[in-house]
Structure formats: C-alpha cells, structure tokens
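Residue numbers (the numbering used here): 748 to 1251.
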C-alpha cells in the first residue's frame, strides 16, 4: 500500500481512501433549511430541545416591537455529530441570529473576549504532570445563552415556532444567542463575575487563566477557552466542590445531570451499526444490579435493557450516559425518614407513559411506595398489553400497583403487628380513578382484560384508597419517561434521594 493511500487518525487507526469514500457515502446529509428538516422527526426533536433550552435559560421574552427598533432575523443551523469512525451519534439543531445584519454602535459595542493560548494549556499540563495532579475537563452547554446583554436587542420568532395569536410580536433578548456579535463578550463577563465571586483571580499576564489559592500549597488552576474548562490543582476536594458549584450555576456536559435525555425514545434501528452484544449485556447486568438501590436510574436502565438481543450504537450511547450520571451522583442515596409514630402510612404513586415504546406501542408503567415517608418499593416496566387510551394505560398500572400495595400491607401487618387499614394510591388521571370506583362495566372498559379489574375489587372492599395527584407531584413520573433536569431533580428530592454532602 502506498503511503499516500492511507491516513493515520488521532487514535492511530489507519483509514484508507476507500474507507473515507465509504464513510462519506454513508454519512447523513444535513438539511439546508427548515422546510427540509421539519420532515425528519430527529431534527424536529432536536429543534424542540433547542427551544426548550433557550426558554429554560430565560434567554428571551415575547414583546411588541417598540417604535424605531428593528428585529434581527434568525435561522436554524443543522449539524450531524459523528464519532472518529464516521458514525452518527447526535443530531444538533442550533438557533442562530443573523449577526451580519447588526450595526456597530446600535446593536453592539464591544465584541472581544479573551481565550487561553495553546502555549498556556501545554504549560499548565506540564505543571500538572510534574506535580502529579489530576486534570479535569468541563464543557458549558449553550455557552453564549448564559451571557446577559447590555444592549436592547430584538429578534424575530424562529421558523416553526411562531406563537399562535402573537404572530406580530418579537423576542426581546435578555441573554445572548449564537450569532450575535457581542455574544462572546457577554459570556466572558458572565463567567468572569462568577469565578470572582467564588474566589478565583484572573492572571494579569494571561487573561484566559484563573487561579484560586487558599494557602501557598493549596491551589486550583483554571484555563478557559470559550466554553471549555481545563481544571487542575493540588486539592482534589476543592476541585470537586468547584465542579459542583459550576453544575449548579450552569448546565454542564462534564457529567450527566439526568440518566437520560429528555423525551428519550429508542428503537430497533435497522441501519445502525451493531455493538458487542456480550459487553453490552455485561454493562446492562451491572446497571440492573444498581437499580436495587437507585430508583432514579430504573427507567433509563429499563429502556436500554430492551435491546440486549441486538444492541446498536444509540443504545450503547444511552447506557454510557447512565454511567456518567452515576459517577456524578456517587454521594446520593435513599434517606430513611424518622416520622411520628402516628404517621406510618403506606402511600403509593403510580404513573404511565402511554404508548411510550416506539416499536410495539406498549406503555411504560411505574410505581413507588413509601412507608412512613421512606422509599421502600419501586418498579419501572413495560405494560403487558397495548393500551387504547391514557385512561386504560393508567388503569392497568394502577391495578399492577394495587397488587404490590396489598402485598406490602399484609407483610407489614405480619412482621410488625401494625395494621394498615388501607393503602393510599395516588393517581394523576381522574378517568382511571372514576373507572376503578365504578362497578358497572361500560364501553370504555369492557375490552380491558379481567385480571386488571383487581384494582376495582380492592377499591370496593376498602383495602385500597385512590386519590388524585397533581402532575407536578407525581413522583412515579421519573419511572415512566425521561424528563427535564428541573423536573428530575424535583421528583428525585420528593423520593428522598439526597446528597450526603448537602446533608452535612
């Protein structure tokens, strides 16, 4: 083989020109406009995620355009993220402001933002190696959307996301968006202020480096290159605390904040590359073992467990995210409460994600039970039949939960002589509650299998009490679907899963 017939990649794999051509033909094409992208569910999901991230960050506000002001246009930019082997790992849609329409002195003033030099990064690496310090890398998500704006900037509503009834309104930006001329400067001011508040000092010689010294021998060095952070130092405990502070202040990609992406949906992809099935099964087996003490990962592990027969790259990617989440929450665990003697009640929460599985359209059922406020039982599993409505899906999972609740109440009575007069089951679907309380079978329920009417039997004999639960308090939600970071953290706290560091 001639030398110019091959290329040595960064991971020392030799790729022939033929391989590169093959990868080029296999690579997914990126849509050039919104009209093309909206036809593909993957790009539509990615655009929804971008809009939700913008709104969650309080980046803009819908207003009427003031007289004398002009709204800047926006556009969608699409990018297929691939690994070194050319395999698709993510579809990224980013909303970008048409910054070339901005005028200096009107729409922006300063745009410069310092970044660390590569020479400095190599120097810091050498210092860390000499002192045997560990090195850490973090990445701030949606970096430029974290920078507050000093100027008054308006943008048009993005294609595909026009607010009905407010078509003539525009968005006033509270924070920067990608494409704005002043976005780098706004982000730099934001991160500089935060680092200063937690004790870092900016180097005079190199503005991209910040240092925090507690003592002469206790030091943390931080190199900042736009949204990438390189961290090293002599005190691992202080570095860990800094990373926690960063994850509280910004949305980071160093460690996953949830075990799965919001609205995660996996399928048995036909055209995706297979992964080693044996290694995948070993990984999933270990994760399932951890579910015995981690209800917060039960749903995500249950999803990836469905593909052990022939796992694909997308399934492995989700499993790796679960590992990153576990690594970032090693200090979290179930806290057992000490309630009053009179408050030892058995309370269950039950929820269902209707038709959540894209392959067979079966729903995912989830329940948890707390005794005296302490979490003692949980489950996340696929329902055995296809439900024809959300009411039916909720009715089925409530029936499954009733079996568990009655068993727990009998067990409590036998081993502790504490009488559980009835089990309270909290359901967020009023139709399912009414169906369980109504002894007359009608058109909505006559097709439901008789075994699931165990729920109605237990309600009628007084062993089970159904109560409506508001959606925001439905703890079992995290066992049926992938939710946003804010929702996940809130429901995890309601399950009494807490960090030991926060308790001390």
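Glycine residues also receive a C-beta, built at the ideal position from the N, C-alpha and C atoms.
Remember, it's a predicted structure, so these values are computed and weren't measured experimentally.
| Query | Result |
| --- | --- |
| Mind checking who residue 980 pairs with in its DSSP beta bridge? | 967 |
| Any idea if residue 885 is buried or exposed, counting beta-carbon neighbours within 10 angstroms, 16 or more meaning buried? | buried |
| Short check: CB of residue 883 to CB of residue 978, under 8 Å? | yes |
| Less than 8 Å between the C-beta atoms of residue 1183 and residue 1143, yes or no? | no |
| Can you tell me whether residue 1224 is buried or exposed, with buried defined as 16 or more other CB within 10 angstroms of its CB? | buried |
| Where does residue 1074 land, buried or exposed, given buried means 16+ other C-beta within 10 angstroms? | exposed |
| Answer with buried or exposed for residue 993, where buried requires no fewer than 16 other C-beta atoms within 10 angstroms of its C-beta. | buried |
| Under 8 Å, with one C-beta from each stretch per pair, do the stretch 1108 to 1127 and the stretch 1007 to 1020 reach the 3-pair mark? | no |
| Considering just the uninterrupted stretch of the beta strand (DSSP E) at residue 884, what are its terminal residues? | 882 to 886 |
| Between residue 1045 and residue 1052, what straight-line distance do the alpha-carbon atoms span, to the nearest angstrom? | 10 Å |
| Is the distance from the Cβ of residue 823 to the Cβ of residue 781 below 8 Å? | yes |
| Spell out a yes or no on whether the stretch 1162 to 1170 and the stretch 1130 to 1139 are touching, meaning 3 or more CB-CB pairs, one atom from each, closer than 8 Å. | no |
| On a Cα-Cα basis, can you pick out the residue from 905, 1154, 908 and 929 that is closest to residue 898? | 929 |
| Expressed to the nearest angstrom, what Euclidean distance is found between the alpha-carbon atoms of residue 1119 and residue 1094? | 8 Å |
| Quick check on this structure: which residue in 868, 814, 1077 and 1155 has the alpha carbon closest to the alpha carbon of residue 1246? | 1077 |
| Count the other CB atoms, across all protein chains shown, that sit within 10 Å of the CB of residue 768; report buried if there are 16 or more and exposed otherwise. | Reliability fails at residue 768, whose pLDDT of 41 lies under 50, so the model's placement of it is uncertain and the value that follows must be treated cautiously. Counting Cβ neighbours within 10 Å, residue 768 comes out exposed, since fewer than 16 surround it. |
| What did DSSP end up calling residue 1100 once you bin it into helix, strand or coil? | strand |
| Do you know offhand how far residue 1171's Cα is from residue 1233's? | 27 Å |
| Does residue 896 pass the burial test, meaning 16 or more other C-beta atoms within 10 Å, or should it be called exposed? | buried |
| Taking Cβ to Cβ, would you say residue 1155 is nearer than 8 Å to residue 1116? | yes |
| Check this for me: beta carbons of residue 955 and residue 971, under 8 Å apart or not? | yes |
| Can you tell me which of the three DSSP states residue 1033 falls into? | helix |
| Suppose contacts are defined by Cβ-Cβ distances below 8 Å. Is residue 919 in contact with residue 901 by that definition? | yes |
| Relative to the C-alpha of residue 936, which residue among 968, 974 and 966 is closest? | 974 |
| Compare the Cα-Cα distances from residue 1097 to each of 1179, 1167 and 1047 and report the closest residue. | 1179 |
| Any idea what DSSP makes of residue 1244, helix, strand or coil? | strand |
| I need the boundaries of the alpha helix (DSSP H) containing residue 1152, first residue and last residue. | 1137 to 1163 |
| Give the DSSP-derived three-state secondary structure of residue 937 in the structure shown. | helix |
| Look up residue 821 in the DSSP assignment and give the residues it is bridged to. | 844 |
| Residue 1016 lies in the alpha helix (DSSP H); which residues open and close that run? | Note, residue 1016: premise wrong, no alpha helix (DSSP H); not H, not E. |
| Would you kindly check if the distance between the Cβ of residue 809 and the Cβ of residue 696 is under 8 Å? | Given that the chain is displayed from residue 748 to residue 1251, the structure contains no residue 696 and the question cannot be resolved. |
| What is the DSSP secondary structure of residue 928, reduced to helix, strand or coil? | coil |
| Nearest to residue 1099 by alpha carbon, out of 1084, 1027 and 1136? | 1136 |
| For residue 1203 and residue 991, I'd like the C-alpha separation in whole angstroms. | 47 Å |
| Short check: CB of residue 1069 to CB of residue 1047, under 8 Å? | yes |
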